[in-house]
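Add 18 to a position in the sequence shown, counting from 1, and you land on the number used in the numbering used here. In this text, a Cβ means the ideal position worked out from N, Cα and C, and glycines have one as well. As structure tokens, the structure follows; a few thoughts come after it.
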Amino acid sequence: MRHSIVLKARVSDMEQAENAIFDLTESLGTFFVQEDVYFNVPNGNLKLRIMHPNRCGQLIYNSLSKKSDHKLSESQVTEVEDVLSIRATLAAALGERGTITKKRRVFTMEDARIYLDDVDQIGQFIDIAVSSVKLVTPGAVVVAVT
């Protein structure tokens with residue numbers, strides 16, 4: 019299981035955010051269009067992430083524990099080739115809770131990923147996920163978002 023600290027915030031100016039992240043990472047990032055299909059489960063979140071246009075994907079389970087200004091995420095990811103069949107099976111067994119479509123640009127750093135998301139009918143967001151939780155000491159400031 020992968021452990022991460024996740025910070026999420028709304029973005030009011032996507033171009034300004036992209037420029038700031040480019041200055042930090044010296045990268046244009048990688049662009050994806052993703053469709054996340056959420057299923058009814060008693061604990062955590064179970065979603066099927068469909069990557070467009072090739073329709074491969076990932077089945078992702080994660081549980082979040084919220085701290086005051088960040089979330090600790092534990093996730094399990096399984097690569098899926100036949101996303102349409104697995105979606106039909108999971109929908110029949112669990113029921114679909116909802117679907118979110120987003121345009122995502124991913125920037126990577128040593129132990130972190132920065133996601134700029136333009137989520138259909140919801141808004142624009144930045145997610146910062148620091149994956150090396152074991153390196154973070156209690157009470158340490160991980161990232162300051164200004």
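So, at 6 Å on beta carbons, what are the nonlocal neighbours of residue i in its own chain, with the 5 sequence-adjacent residues on each side left out?
i, result
"T48", "V124"
"M32", "Q142"
"I132", "I39, F125, I146"
"Q34", "none"
"S45", "F125"
"S149", "S22, D129"
Would residue i pass as a contact of residue j if the rule is Cβ separation under 8 Å?
i, j, result
"T28", "Q142", "At residue 28 the sequence reads Arg, which differs from the Thr that was named. Going by C-beta atoms, R28 is nearer than 8 Å to Q142."
"Q76", "T107", "no"
"I118", "D54", "yes"
"L102", "E36", "no"
Mind checking residue i: buried by the 16 CB within 10 Å criterion, or exposed?
i, result
"A147", "buried"
"S91", "buried"
"F57", "buried"
"P156", "For P156, the predicted model reports a pLDDT of 48, less than 50, meaning its position is unreliable; a value from the coordinates is still stated below. The residue in question, P156, is exposed, as its Cβ has fewer than 16 Cβ neighbours within 10 Å."
"V51", "exposed"
"D100", "exposed"
"R122", "buried"
"D138", "exposed"
Go through its chain and collect everything with a Cβ distance to residue i's Cβ below 8 Å, but skip five positions before and after it.
i, result
"T165", "Nothing in the structure corresponds to residue 165, since the chain is present only between 19 and 164."
"V98", "L66, C74, G75, Q76, L77, I104"
"L112", "F57, N58, V59, L64"
task: Give, in chain order, every unbroken run of the beta strand (DSSP E) that is at least 3 residues long and sits entirely within the segment 126–155.
output: 130–137, 141–148
message: Runs of 4 residues minimum, wholly inside the segment 95–131: which ones carry the alpha helix (DSSP H) assignment?
response: 101–112
task: Could you tell me which uninterrupted alpha helix (DSSP H) segments, each at least 4 residues in length, are contained entirely in the segment 25–100, listed from first to last along the chain?
output: Whole alpha helix (DSSP H) segments, 4+ residues: 32–43.
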